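Report on the structure given below.
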Amino acid sequence: MQEKIINYYEQLPEENMFMDIMADITHKCNMTCKNCYIPNREIPDMDLDKFRDFLSRLNGRCMIRIVGAEPTMNPHCIEFIEAVFEYGHRCILLTNGLRLSHKNYVDKLHTSGLRHIYLSLNGVDNDDWYETIDEMRCAEKKIKALQNIRERKFILDTGTIIVPDVNEDAPGKLLELFDNNNINNVLMRIKNVGQLGRYQTEVDDNVKLNQLVKLCSEQMGVSEDYINSFRDQKLYGMYTESNSILFPLREGNKILNRGRWVKITNWDTDNESGIPDPNSQRRGRITENFTVAPLYEHIKINEGGY
Amino acid sequence: MSKTRDAIKKISIERLGIELTDEIIDSGKAFKDIGVDSLDAIELVVSVEDELDIELSDARLDTVENIKDLADYLSEFD
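So the sequence lines, in the order shown, correspond to chains P and A.
Take the position in the first sequence, starting the count at 1, then add 2; the result is the number in the numbering used here.
Take the position in the second sequence, starting the count at 1, then add 9; the result is the number in the numbering used here.
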């Protein structure tokens, strides 16, 4: 029944229409977060040679998002990143940061050509929050990773899932953390719990988009009207996302996107397809056949593994 | 010879796949009109800072609207 209302399709790399492509290079992980859209750990690592072939066949320059589970658990993670640049694409690494608490590893990432990292910070600097959401008291490692990333001047995105009655103070605490660590250029991605894979909050109990706007407004020194004025604007001047609002905390240069930015995203799945942002043409995902499928649709159909 | 302008050209071709000549830089065209979108522009700035081991001012970058503005600002570090 569910599959009938999901608009699922696959494209050959030569036909790819997606700007961002997720490459799940491993399904191994060194954490057991309560909110994980791909909790299946039995799927083998992605084949590097097939990945290279895929990259060589893409019909244009794409943003390749190196992701897992935890991508640094793949022993060839650096080679995957190098391959992305070899074939002229952009690259971002999405990581929980545990391995990036080691400076040597961050240096290797930098040497590979990588300049853009997305670090998950669900608990900010609060071990109680991390334990409740991510099942691990890892604040010290997260902060160390943050410092290593800053020291190497990577472009930084952070990701924070807001869980009701747990870390609703996270937006303000993120700003404090960045103040304390002299991080002035960052995109803070704030989202609610997505009901995909493994999750700890049902739709009815979730923090809604308007509540996320309110939390950010109250804690980040901008009005709700200001945030809402960015609804339905083109993200990065390129595309629209029905479930996101991207805004700068300080009105400034819109071209270079410097400074602190916030992207609020509604991951709620309270629509008939059971996925966030159905029919989005922004993000694709490399499938088991090395074709590209729409991200959320592929995740929903393959929650049990592929 | 400008080391900062050379850095822009080198990074543009190596990381963005875009060949920037002096003529293109001096044309004052908007980033998007020379094939540099906003994500490329951020990466260009970060990579130039890295290559030259300099730190650019956010306030000063707020005034940068095209590749010539960026080259002119960077020339202060030559």
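The C-beta atom is built at its ideal place from N, Cα and C for all residues, glycine as well.
From a predicted model like this one, the values you see are computed outputs, not experimental measurements.
Name, please, each residue of chain B whose Cβ falls closer than 8 Å to the Cβ of residue i.
i, result
"S84 (chain A)", "Given the protein chain composition of this structure (P and A), no chain B is represented."
Please confirm whether residue i and residue j have their CB atoms less than 8 Å apart.
i, j, result
"M33 (chain P)", "E137 (chain P)", "yes"
"L258 (chain P)", "L25 (chain A)", "no"
"G286 (chain P)", "F20 (chain P)", "yes"
"P250 (chain P)", "V209 (chain P)", "no"
"R272 (chain P)", "V215 (chain P)", "Here residue 272 (chain P) turns out to be Asp, not Arg, going by the sequence shown. Not in contact: D272 (chain P) and V215 (chain P) (Cβ atoms no closer than 8 Å)."
"A147 (chain P)", "S103 (chain P)", "yes"
"K144 (chain P)", "L123 (chain P)", "yes"
"P278 (chain P)", "N304 (chain P)", "no"
"I27 (chain P)", "D47 (chain P)", "yes"
"V2 (chain P)", "I301 (chain P)", "Because chain P spans 3 through 308 in this model, residue 2 (chain P) falls outside it and cannot be assessed."
"S275 (chain P)", "I7 (chain P)", "yes"
"I119 (chain P)", "T97 (chain P)", "yes"
Which same chain residues, not among the five before or five after residue i, have their C-beta less than 6 Å away from its C-beta?
i, result
"A16 (chain A)", "V57, E60, L61"
"F56 (chain P)", "P15, F292"
"Y201 (chain P)", "N37, V195"
"V310 (chain P)", "With chain P represented from 3 up to 308, any question about residue 310 (chain P) goes unanswered, as that position is not in the structure."
"R43 (chain P)", "H29"
Under the rule that 16 or more other beta-carbon atoms within 10 Å means buried, what is residue i, buried or exposed?
i, result
"I63 (chain A)", "exposed"
"D270 (chain P)", "buried"
"T113 (chain P)", "exposed"
"Q235 (chain P)", "exposed"
"P77 (chain P)", "exposed"
"Y10 (chain P)", "exposed"
"E253 (chain P)", "exposed"
What did DSSP end up calling residue i once you bin it into helix, strand or coil?
i, result
"F249 (chain P)", "strand"
"S66 (chain A)", "coil"
"C2 (chain P)", "Within the shown structure, residues of chain P are numbered from 3 to 308, placing residue 2 (chain P) beyond reach of any answer."
"V215 (chain P)", "helix"
"M138 (chain P)", "coil"
"S103 (chain P)", "helix"
"V294 (chain P)", "strand"
"N155 (chain P)", "One point to set straight first is that residue 155 (chain P) is Lys, not Asn, in the sequence displayed. Coil, per DSSP."
"R43 (chain P)", "coil"
"D26 (chain P)", "strand"
Within a Cβ cutoff of 8 Å, which residues of the same chain sit near residue i, ignoring the five residues on either side of it in sequence?
i, result
"R63 (chain P)", "G90, H91, R92"
"K193 (chain P)", "G161, T162, I163, I164, L214, I266, T267, N268, W269"
"E23 (chain A)", "none"
"E28 (chain A)", "K18, S21, I22"
Report all residues from its chain with a CB closer than 7 Å to the CB of residue i; omit the five preceding and five following residues, and keep chain order.
i, result
"F86 (chain A)", "T13, L61, I63"
"R54 (chain P)", "A85"
> If contact means a Cβ-Cβ distance below 7 Å, which residues of the segment 39-50 of chain A contact chain P?
Replying inline: F40, D46, S47, L48, A50
> Along the segment 50-80 of chain A, what residues have a CB closer than 7 Å to any CB found in chain P?
Replying inline: A50, I51, E52, V54, V55, S56, E58, D59, D67, L70, D71, V73, E74
>> At a CB distance below 7 Å, what residues from the segment 17-40 of chain A approach chain P? Give them in sequence order.
In response: G26, F40
> Which of the residues in the segment 108-137 of chain P, read from start to end, lie with their CB under 9 Å from any CB of chain A?
Replying inline: H112, G115, R117, H118
> Can you list, in chain order, the residues of the segment 147-176 of chain P whose Cβ is nearer than 7 Å to any Cβ on chain A?
Replying inline: K155, I157
> Going along the chain, which residues of the segment 83-99 of chain P sit with their C-beta nearer than 9 Å to a C-beta in chain A?
Replying inline: F87, G90, R92
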